[in-house]
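Just below is one structure, and these are the notes that go with it.
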RNA sequence: GCCGCUGUAGCUCAGCUAGGUAGAGCGGCUGGCUGUUAACCAGUUGGUCGUAGGUUCGAAUCCUACCGGCGGCGCCA
């Protein structure tokens, strides 16, 4: 008797046939003559019935919620079963008898976070993790189709990548090092060999942010591209988003709908995305009586107000120099502006930042001094402008922020199996 | 860094305003029930109320400090 997936039975592939399934008891209901075991495996959930005259009745009585089991029986359609199919059990074997499972119907956010290692078994987390996996697959597919080469940047770093963000320090054989906040500087080095590179890697931020859109460890999708300009950058970025969203609609419809996420929003992601300059955005916001002046960075309220207008992903570009990092290239015809662009979505705000990198050695040094950064820390990075510098662009996209938006998650912590936040690092 | 909220049985909460040594539902256990759908019905089992002080004849309730958790802003992806 072959081991089959529960989803296969629910899809009607084994109607009337003898099957074996392996999984865990999800729910249990008992009546005088029948025990109903709701069993889950990685693929789905199905009801199994055990009758009094079955020798397995005693095993079924013993079986507790979350016990692991092997079930042999007959798959059949039954209108009375949730999902329309069930297994009439011939033989039930308990592999691991579970103790009383702590998660029951009433559960608080705090409790579920404490038992995260067990909550991952829930149908909801199962679905989110599947979509996460697929989004990663689509990301890799997209970049490879576009000729990008995947590279592996370091996690231990000696100098900061971003100006503003806070680094996690650590002891490294007696020296002070940091956990990376972005692979960008290292990707920039790699384009001189490979031209088009990308990575999907963790980034660590010690910002003391307490919001539904911050993690201290998150996964960063970062491409870097030699001989490319701002137009190329925005183009590839919107194409990536469109590709991920359209493939998700196509391949993950069941998961997205089961999660009660708005699939029409994903379908609506078409290119080109709306684009607005920073200066236009400021004028727009001032007309709405929001308290912001040219030269200030957007607050969350500002981002929300802009996002409401567009209803989907959109770009803001050409920012004032003083609110962006040292490596951003200044507009040659307006030195007050840098060629930087953020991609924003409703509710979440920024999901990506990117731009043209400063490729002129003198301009870069000027910016490093302007921001009082230590020149010697960036010596290797400046080398990249000494030896055959090229115009190049790149961006960083937060995977979990993207998923939070795509799946309408209430909190970014559900986009990653073991979230790390300012107060949460166990389990 | 600033602001707000919160901590009572394994879980979800009530009780606290006007102090008199804890109550419900879920879960667990026992029994009942002709297929259940987060089954239902009955009984039963669970806690000294985050921690440490203080006020008081008496504190879960009032005061102080500390610890834990959640969210908002700022910052960021």
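Numbering (the working numbering), first residue to last: 64 to 490. Where is the CB? At the ideal position from N, CA and C, for every residue including glycine. Since we're looking at a predicted model, the values are computed, not measured.
Can you name the start and end residues of the beta strand (DSSP E) that residue i belongs to?
i: residue 460; result: 455-461
i: residue 263; result: 259-267
i: residue 92; result: 81-93
i: residue 405; result: 397-408
Considering only the beta carbon of each residue, do residue i and residue j sit closer than 8 Å?
i: residue 433; j: residue 392; result: no
i: residue 160; j: residue 119; result: no
i: residue 213; j: residue 261; result: yes
i: residue 85; j: residue 133; result: yes
i: residue 307; j: residue 202; result: yes
i: residue 138; j: residue 77; result: yes
i: residue 405; j: residue 222; result: no
i: residue 339; j: residue 379; result: yes
i: residue 456; j: residue 408; result: no
i: residue 311; j: residue 198; result: yes
i: residue 467; j: residue 187; result: no
Assuming residue i contacts residue j (C-beta within less than 8 Å), just tell me the rounded distance between them.
i: residue 415; j: residue 353; result: That pair is no contact at about 23 Å.
i: residue 372; j: residue 384; result: The Cβ separation is near 26 Å, so there is no contact.
i: residue 127; j: residue 158; result: With 8 Å as the limit, residue 127 and residue 158 do not qualify as a contact, their Cβ atoms being about 13 Å apart.
i: residue 193; j: residue 318; result: 5 Å
i: residue 305; j: residue 263; result: Actually they are not in contact, since the Cβ atoms of residue 305 and residue 263 sit about 18 Å apart, beyond 8 Å.
For the alpha helix (DSSP H) that residue i lies in, which residues bound it at each end?
i: residue 327; result: 326-330
i: residue 182; result: 179-182
i: residue 350; result: 341-350
i: residue 100; result: Note, residue 100: premise wrong, no alpha helix (DSSP H); beta strand (DSSP E) at 97-103.
i: residue 202; result: 186-208
i: residue 430; result: 424-433
i: residue 305; result: 293-314
i: residue 369; result: 363-373
i: residue 353; result: From DSSP, residue 353 is part of no alpha helix (DSSP H); its letter is neither H nor E.
i: residue 168; result: Premise fails: residue 168 is in no alpha helix (DSSP H) and is neither H nor E.
i: residue 14; result: Not covered by the structure: residue 14. The range shown for the chain is 64 to 490.
May I ask whether a heavy atom of the ligand ATP can be found less than 7 Å away from the beta carbon of residue i?
i: residue 159; result: Ligands are entirely absent from the displayed structure, and the ligand ATP is therefore not among its contents.
From the options, pick the residue whose C-alpha is nearest to that of residue i; which is it?
i: residue 195; options: 375, 100, 476, 488; result: 476
i: residue 446; options: 215, 207, 253; result: 253
i: residue 403; options: 387, 278, 410, 301; result: 387
i: residue 241; options: 220, 256, 229, 251; result: 220
i: residue 113; options: 129, 135, 128; result: 135
i: residue 271; options: 167, 462, 375, 484; result: 484
i: residue 166; options: 129, 389, 479; result: 129
i: residue 382; options: 342, 419, 176; result: 342
i: residue 486; options: 125, 123, 274, 257; result: 274
i: residue 291; options: 211, 218, 357, 95; result: 211
i: residue 258; options: 451, 316, 82; result: 451
Exercise. Quick check: the stretch 286-301 against the stretch 180-192, are there 3 or more CB pairs under 8 Å?
Worked result: No, because fewer than three Cβ pairs between the stretch 286-301 and the stretch 180-192 fall closer than 8 Å, the two stretches do not touch.
Exercise. Touch check for the stretch 69-83 and the stretch 140-155: three-plus C-beta pairs under 8 Å?
Worked result: Yes: the two stretches touch, three or more of their Cβ pairs being nearer than 8 Å.
Problem set entry | contact_flag[the stretch 316-334, the stretch 267-285] where n(CB pairs < 8 Å) is 3 or more | Taking 8 Å as the limit for Cβ pairs, the verdict is that the stretch 267-285 does not touch the stretch 316-334.
Problem set entry | Touch test, the stretch 169-179 against the stretch 95-104, Cβ-Cβ under 8 Å, three pairs minimum | The stretch 169-179 makes no contact with the stretch 95-104: fewer than 3 CB pairs, one atom from each, lie closer than 8 Å.
Exercise. Does the pairing of the stretch 263-271 with the stretch 231-246 give three or more beta-carbon distances under 8 Å?
Worked result: Touching, yes, given that three or more Cβ pairs across the two stretches are closer than 8 Å.
Problem set entry | Touching by the beta-carbon criterion (3+ pairs, under 8 Å), the stretch 406-415 and the stretch 361-370 | Cβ pair count under 8 Å is three or more, so yes.
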